[in-house]
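Inspection log for the structure reproduced underneath, given as structure tokens.
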Amino acid sequence: MDPLSLWDFDDLLASKARLEAALAAATAPQDQAIWLTQLARMAGLEGDFTQGELLLDQAEAIGPTAATAARITLERARLAREEGRSAMAATGFHQAAGQARAAGATDVALDALHMQAIAAPPAVARAIVDQAERLTREAPSQRHWLGPFYNNLGWALFEAGEIAEALEMFNRDKALRRSLGAENERRVAGVNAAKMLRYLGRNAEALDQLQRLVVEIGPQGFGLGLVFEERAELAFATGKPEEARHYADEARRLFEARGMSADQQPSRFARLSHLAEPTG
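Under the working numbering, the first residue of the sequence shown carries the number 29, and numbering increases by one thereafter.
Spelled out as structure tokens, the structure:
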């Protein structure tokens, strides 16, 4: 059973309906316990922390397996994080990872490690990524988990000013996604890597990577808006304001065509408007 298969984080209402239906259809108590943990996670995202704890209490009362007990610990920690109880969350994620490893529940262990890494400084997050890589070598079917680790650590390194190390992470992410056949995610990782190349002053390499993506994606494919957004930034950085204006306008058009708006992402659209300002 993969509870994440019922989640769509862009449509929480539909996800909740699927989870509630799965709980209603479950006849085995252990299955019920798993679905209760997922509904507790949903309650946390909705800000109903009391309901989340009650659902986890119900799951615990069932007498869960060791793997499901690790899930309960994980979701209690996630509730604590959503509620702003950072220290309790960190302790819970650490405990959940240990419980899950002992139970042989690699997916739960990786989820817990991922949550640990999100809040950790880059040096600690690197060590957590190393743990995740070791786990996936033992359970290759879980390699897809490494993508979020690489992506999140890449951005943490970028924000810390460690641009070359961030580039390495995004390149790892890109290679992983290619090996998994996850083309949309690979394109996003490619744009992220191009951004790092720009910050390193390796503008010709960044441009080459973006041009390859344009050819690969085609006129309406996924990720073209992201590519054009980075093309605008690259043009602006290299003193080509008219080119920057063109690509900023195109990026904004593509984002809007996919339902994105300035209300949803004000800083992104404000930056595109700045890049698209007339020159002279």
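All residues carry an ideal CB built from backbone N, CA and C; glycine is no exception.
Within the segment 265-292, no beta strand (DSSP E) run of at least 3 residues lies entirely inside it. For Pro-150, the number of other beta carbons within 10 angstroms of its own is at least 16, and it is reported as buried. Under the DSSP assignment, Trp-183 falls in the alpha helix (DSSP H) whose first and last residues are 174-187.
For the segment 95-160, the continuous alpha helix (DSSP H) assignments of 4+ residues that do not extend past its boundaries occur at 114-131 and 134-147, in sequence order. Contact between the segment 77-86 and the segment 46-55 is not established, with fewer than three Cβ pairs separated by less than 8 Å. Just measuring C-alpha positions, the residue of Leu-107, Arg-206, Arg-281 and Arg-259 sitting nearest Gly-72 is Leu-107.
Within 10 angstroms of the beta-carbon of Met-70 lie 16 or more other beta-carbons, which makes it buried. Here DSSP, grouped into helix, strand and coil, assigns Pro-247 to coil. In this chain, the alpha helix (DSSP H) harbouring Phe-77 covers 77-89.
Counted as a single uninterrupted DSSP element, the alpha helix (DSSP H) harbouring Pro-294 occupies residues 294-303.
Straight-line spacing of the CA atoms in Arg-281 and Met-288 works out to 10 Å. Judged by DSSP secondary structure, Phe-198 falls within the alpha helix (DSSP H) whose first and last residues are 191-208. In this structure, the CA atom of Glu-270 is about 25 Å from the CA atom of Val-216. Leaving aside the five residues that flank Leu-34 on each side, the residues in its chain whose CB is nearer than 8 Å to its CB run, in chain order, Ser-43, Arg-46, Leu-47, Ala-50 and Gln-66. The beta-carbon distance between Leu-185 and Glu-193, rounded to whole angstroms, is 5 Å. This is short enough to meet the 8 Å contact definition. Secondary structure note for Gly-218: its alpha helix (DSSP H) is the uninterrupted segment 211-227.
Just measuring C-alpha positions, the residue of Phe-264, Arg-286, Ala-260 and Leu-225 sitting nearest Ala-276 is Ala-260. Bounds of the alpha helix (DSSP H) holding Thr-65 are 57-73. Going by DSSP, Ser-169 is part of no alpha helix (DSSP H) at all; its letter is neither H nor E. Remark: C-beta atoms of Ala-167 and Val-136 do not approach each other more closely than 7 Å.
Comparing alpha carbon positions, the residue from Gly-209, Thr-266 and Glu-211 closest to Gly-229 is Thr-266. When Ser-207, Gly-218, Arg-273 and Gln-170 are compared, the shortest CA-CA separation from Asn-179 is found for Gly-218. Per DSSP, reduced to three states, the secondary structure at Ala-263 is helical. Under the three-state reduction of DSSP output, Pro-31 falls in the helix class. Assigned with DSSP and collapsed to three states, Phe-256 falls in helix. The residue among Ala-133, Thr-101 and Arg-109 with its C-alpha nearest the C-alpha of Asp-30 is Ala-133.
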